[in-house]
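Everything in the sequence shown is counted per the numbering used here, starting at 3 for the first residue and increasing by one.
For each residue, glycine too, the CB sits at the ideal point set by N, CA and C.
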Amino acid sequence: MFGKTNPTLAERDVFQALKGVKDPDLGRDLVDLGMIKDVRISDGTVALTVNLTTPACPLKAQIELDVRTALQNRLPGEWKLNITMGAEVRGKGITETGDIPGIKNVIAVGSGKGGVGKSTMAAAIAFGLRSYGASVGLMDADVYGPSIPHLVGASGRPMARGERIQPIETNGLKLMSMGFLLEPDRAVIMRGPMLHGIMQQFLRQVDWGQLDYLVIDLPPGTGDVPLTLAQTLPLTGAVVVCTPQEVALLDVTRAIMMFRQLRVPVLGMVENMAFFDVLAYLKDRGGPEAHKMVDSKAFFDVPGDERVYVFGRGGARRKAEEMGVPFLGEVPLNLYLRETGDEGKMEHALLPGSPSRPYLLGVVEQLAAQISIQNIKTPKMPKLEILN
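See below:
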């Protein structure tokens with residue numbers, strides 16, 4: 003045991019005390035993962051930094067408590083502990099390819115069919131990661147229906163600086179979309195080779211800078227764009243968005259199988275429009291009489307009846323379990339979420355007070371954890387080669 007006056011306490015003793023403390027998601031101890039940084043011992047204080055693999059770590063508080071407890075058990079109470087929780091996002095070697103230097107992780111957001119809220123979830127994920135302090139880009143690869151500019155309230159024409167295209171920036175996000183290059187009412191008509199060229203430009207010629215995460219909003223279904231991306235760069239993984247009803251689940255199965263065939267890890271599924279919370283709606287939008295009924299606590303006979311499962315219950319969770327895919331969370335039908343997207347203020351859905359905030363941040367935290375797990379499990383992925 004060591005105390006305040008014990009001159010033999012050294013940095014190695016601190017590392018030894020922490021050898022048994024694990025990151026619960028990654029299943030390895032913090033020392034082996036290189037997450038313990040800047041150990042300083044002086045004047046009766048042990049100070050150190052725990053560098054998590056993502057600023058959106060859902061277990062940040064638990065890890066800090068585990069570190070503090072381990073040090074308190076190993077070092078007598080005379081030592082004061084100064085623990086700083088930091089983050090250093092890790093990637094899969096994407097920067098080494100030369101295609102998009104400076105980007106650590108590329109996350110594709112797809113769906114088996116249209117109309118399930120894929121673009122909304124892609125924008126929410128990007129803003130959510132940004133809200134935790136990560137550097138984030140959002141690329142709209144849905145070239146036939148580029149809705150990202152409208153959802154985030156961005157406009158303007160990308161400018162060229164030298165040979166690089168400068169992305170549009172709004173609310174801390176770097177953006178690129180066909181929507182910035184076309185007139186609002188102009189249809190996009192193109193075949194596979196043209197799509198391939200546009201994706202190459204968006205990835206290689208846009209000056210994305212240093213990013214922890216690049217979120218890519220894919221077109222719905224299984225088509226040329228996912229194939230082009232898989233051929234162009236090693237994707238960290240894909241997120242699949244669906245709704246609970248059977249017809250959507252049939253299509254999401256095809257999307258997951260497509261990603262697996264392309265050797266793109268499926269990081270998880272998000273169930274959008276999971277339920278409608280009548281109680282939350284009445285509290286938010288109801289008048290005085292509605293508030294009286296809600297406050298009476300007898301509005302619903304059975305707890306849970308306030309949730310109406312419009313499209314069925316738990317379909318995506320069951321499908322995720324069936325296919326061995328992580329379930330990232332459910333997001334309910336919510337007027338505020340729809341309104342923020344319609345008004346081009348998608349980031350407001352993640353602000354304190356938003357009814358969607360806890361659900362969206364829950365998805366973001368679970369996704370960030372899966373990205374870290376994927377990067378630790380397979381440090382580097384090769385590009386896909388398509389064989390005829």
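{"Item": "Is the beta carbon of L269 less than 8 Å from the beta carbon of Q168?", "Value": "no"}
{"Item": "Judging by CA-CA distance, which residue of P57, A89 and G46 is the nearest neighbour of L77?", "Value": "G46"}
{"Item": "Between the alpha carbons of N107 and Q64, how many angstroms are there, rounded?", "Value": "25 Å"}
{"Item": "Please classify H350 as buried or exposed, where buried requires at least 16 other C-beta atoms within 10 Å of its C-beta.", "Value": "buried"}
{"Item": "Verify whether the separation of the beta carbon atoms of P246 and G317 is less than 8 Å.", "Value": "yes"}
{"Item": "Please report the straight-line C-alpha distance between M87 and L54, rounded to a whole angstrom.", "Value": "7 Å"}
{"Item": "Which residues bound the alpha helix (DSSP H) around E345?", "Value": "Looking at the DSSP string, E345 is not in any alpha helix (DSSP H), and its letter there is neither H nor E."}
{"Item": "Nearest-angstrom Cα distance between D344 and P148?", "Value": "14 Å"}
{"Item": "For L175, write down the residues that DSSP places opposite it in a beta bridge.", "Value": "V138 and T172"}
{"Item": "Can you give the Cα-Cα distance for V208 and R309, rounded to whole angstroms?", "Value": "44 Å"}
{"Item": "Less than 8 Å between C-beta atoms, sequence neighbours within five positions excluded: which residues of the same chain meet that for L20?", "Value": "D31, L32, V33, I38, V69, A72 and L73"}
{"Item": "On the three-state DSSP scale, how would you describe R92?", "Value": "coil"}
{"Item": "What are the boundary residues of the beta strand (DSSP E) that G364 is part of?", "Value": "Taken as a continuous stretch (DSSP letters only), G364 belongs to no beta strand (DSSP E), being part of the alpha helix (DSSP H) at R359 to K379."}
{"Item": "Quick check: L352 and S133, are their CB atoms within less than 8 Å of each other?", "Value": "yes"}
{"Item": "Candidates K321, G289 and N274: which alpha carbon is nearest E332's?", "Value": "N274"}
{"Item": "Less than 8 Å between the C-beta atoms of V272 and V241, yes or no?", "Value": "yes"}
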